[in-house]
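Written below as structure tokens is the structure these notes are about.
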Amino acid sequence: MEMIVVDGIDGSGKSTVAGWIAEHYRERGEKVLIRSHPSDSWFGRLSRRSLTAEGKLMRLVATIFFILDVLNSLRLLRRWHGYDKVIFVRYLMATAYLPSGLHQYGYSFFCKILPIPNRLLLVDTTPECALKRIEDRAHDREMFENLISLNKVRAKVLELSVDGWIVLDNSSSSENTRSQLSQVLSSWDPLN
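Under my numbering, the first residue of the sequence shown is numbered 852, with each subsequent residue one higher.
Here you go:
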């Protein structure tokens, strides 16, 4: 089984891109599982609930429960042994939501304790584009889903996405993004 990580800021298009990746591998006859975080686990539900609250404490609570949710998913990996690919939507970049200064420590710490796949994809977009996508959704607004927070988090995400990350620009048309993704998948396929 191979792990793939698709990460990025809120509204960047992570889930859409993960779906396209899954479609690519399924067309090749591979079994693919997409695991999004926060998930439907107890930790994921608490993380999601915390994200709709305000304040620094709730930001920390949301991040802790998010990390516990990811760890829970990793615990479940053994059950998913029948899959060729497991795509994690959100994995490491939740650390970018920590206060400035702590985000680097959080990222370094989790890179040491979590398995880091060879296939790391950062879906990037402008904060304005992300906010428009967020506004088009029907859900309770989360604490980071505003232009100021998206700008800050995007800067941290781009700062953290150096070693091993491929950055996919999803600010323009879906055709352009799919074309870029096709090139990424072509570069990944020889890794099999």
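By construction, the Cβ of each residue, glycine as well, lies at the ideal position given by its N, Cα and C atoms.
Just checking my contact of residue i with residue j at CB under 8 Å: how many whole Å lie between their CB atoms?
i     : j     : result
V1035 : L1019 : 7 Å
K936  : E853  : 5 Å
A981  : S863  : 6 Å
D891  : L1001 : Between L1001 and D891 the Cβ distance is about 25 Å, and since that is not below 8 Å, they are no contact.
A869  : I938  : 5 Å
Using DSSP bridges, identify the partner residues of residue i.
i     : result
Y1040 : Residue 1040 is actually Asp in this sequence, not Tyr. Paired residue(s): none; D1040 is not in a bridge.
E853  : K936
L1032 : None; L1032 has no bridge partner.
I860  : Partner(s): none; I860 has no beta bridge.
I1017 : L972
Between the C-alpha atoms of residue i and residue j, what's the straight-line distance to the nearest angstrom?
i     : j     : result
L972  : S887  : 14 Å
S1037 : L908  : 43 Å
T977  : L953  : 23 Å
F916  : R984  : 25 Å
E986  : P966  : 34 Å
S924  : R899  : 16 Å
A947  : L1011 : 8 Å
D858  : L949  : 16 Å
L927  : P968  : 16 Å
Y942  : D975  : 15 Å
K882  : V921  : 21 Å
S1024 : L897  : 34 Å
Q1031 : E874  : 15 Å
Y958  : Y876  : 29 Å
K1003 : V1013 : 17 Å
E979  : Y956  : 28 Å
Have a look at the options and flag the residue whose alpha-carbon is nearest the alpha-carbon of residue i.
i     : options                     : result
S1033 : M852, I872 and V857         : I872
V940  : S1037, G895, E905 and T977  : G895
R930  : L884, L897, L908 and D861   : L884
I964  : R1005, S863, S1037 and I918 : I918
N1021 : S924, S866 and V1004        : S866
D1040 : R879, L982 and Y958         : R879
F960  : L928, N969, M944 and G859   : M944
V856  : C962, K1003 and V1004       : C962
N997  : W893, L897 and E905         : E905
G1015 : H932, R970, Y958 and I938   : R970
L911  : V868, I938, G933 and S951   : S951
T914  : P889, I1017 and H932        : P889
| What are the start and end residues of each continuous alpha helix (DSSP H) run of 4 or more residues lying completely inside the segment 953–987, in chain order? | 953–964 and 978–987
| Considering only residues of the segment 871–933, which uninterrupted beta strand (DSSP E) runs meet the minimum length of 3 residues and lie entirely inside it, listed in chain order? | 883–887
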